[in-house]
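Have a look at the structure below before the remarks.
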């Protein structure tokens, strides 16, 4: 006896990727570290660091809103040393 009308509710955290400020966690932490590095290297010119970080942030957030798995695909491509196509 099989009932086709059963539904199970799932929490949205199980179906959507975890993001901080609209970006995946590892990209968010990378931006924070790059901003701190620019701030340290350029001797207290926080304006330049914020501008560079803001431009990169909006670009990555745009890519994430278009395709939520964008960064997962990029990380898998970087990890895969064989590449997408085999050369003969």
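Residue numbers (my numbering): 924 to 1011.
Backbone N, C-alpha and C define an ideal beta-carbon position, used for all residues, glycine too.
Predicted model, so just to flag it, every value in this text is computed and none were measured.
Under the criterion of a Cβ to heavy atom distance below 7 Å, does residue i qualify as lining the ligand COA?
i: residue 991; result: Among the ligands in the structure shown, none appear at all, so the ligand COA cannot be discussed.
Give the straight-line distance between the Cα atoms of residue i and residue j, rounded to the nearest whole angstrom.
i: residue 991; j: residue 939; result: 8 Å
i: residue 954; j: residue 937; result: 25 Å
i: residue 1012; j: residue 929; result: This structure cannot settle anything about residue 1012, because the visible part of the chain is limited to 924 through 1011.
i: residue 965; j: residue 950; result: 22 Å
Name the DSSP bridge partner or partners of residue i?
i: residue 942; result: 947
Please list the terminal residues of the continuous alpha helix (DSSP H) segment that includes residue i.
i: residue 976; result: 969–989
i: residue 999; result: 993–1002
Report all residues from its chain with a CB closer than 7 Å to the CB of residue i; omit the five preceding and five following residues, and keep chain order.
i: residue 1085; result: Outside the shown range of the chain, which is 924 to 1011, sits residue 1085, and nothing can be said about it.
i: residue 984; result: 945, 946
Short check: CB of residue i to CB of residue j, under 8 Å?
i: residue 961; j: residue 979; result: no
i: residue 957; j: residue 976; result: yes
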